[in-house]
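Single-structure report; data block below.
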């Protein structure tokens with residue numbers, strides 16, 4: 017595998033049914049890789065709202081092909097598509113927005129207090 021196709025994964029702990037209330041809380045993730053460049057750079061922190069409204073053009077954390085992935089969700093004539101911003105990566109067609117497990121509401125660059133962007 018070359019540097020561009022190497023995949024980095026972080027295990028995500030499943031939320032049990034007893035703590036269902038906590039599953040609606042926003043959470044932070046670090047961007048890994050370059051699939052969402054130039055808008056999201058590796059090392060930036062994104063804040064994800066699990067109960068956020070998914071709409072055409074939203075940046076989402078989705079569960080497809082038995083893995084979590086960070087992409088932009090885009091409406092197509094025959095359904096939806098998970099689109100990377102970097103053209104070196106492929107689009108992933110999906111049937112509906114149910115694959116989205118959270119909507120990105122903010123990004124922040126570590127070490128830069130005032131540098132943040134909201135996506136609400």
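In our numbering, the protein residues as written are 17 to 136.
Every residue, glycine too, gets a C-beta built ideally from N, C-alpha and C.
Just how far apart, CA to CA, sit residue 126 and residue 104?
26 Å
Which residue marks the beginning of the beta strand (DSSP E) containing residue 121, and which one marks its end?
116-124
Nearest-angstrom Cα distance between residue 131 and residue 64?
17 Å
Buried or exposed: residue 76, going by 16 or more other Cβ atoms within 10 Å of its Cβ?
buried
Sub-8 Å separation of residue 102 and residue 52 beta-carbons
yes
Given a threshold of 16 other Cβ atoms within 10 Å of its Cβ, counted over all protein chains shown, does residue 71 qualify as buried or as exposed?
exposed
With DSSP run on the structure shown, which of helix, strand or coil describes residue 178?
There is simply no residue 178 to check, as the chain begins at 17 and stops at 136 in what is shown.
Residue 65 - containing beta strand (DSSP E), residue span
61-65
Flag this pair as yes or no: are the beta carbons of residue 120 and residue 89 separated by less than 8 Å?
no
Which same chain residues end up closer than 6 Å to residue 136 when comparing Cβ atoms and leaving out the 5 residues on each side of it in sequence?
121
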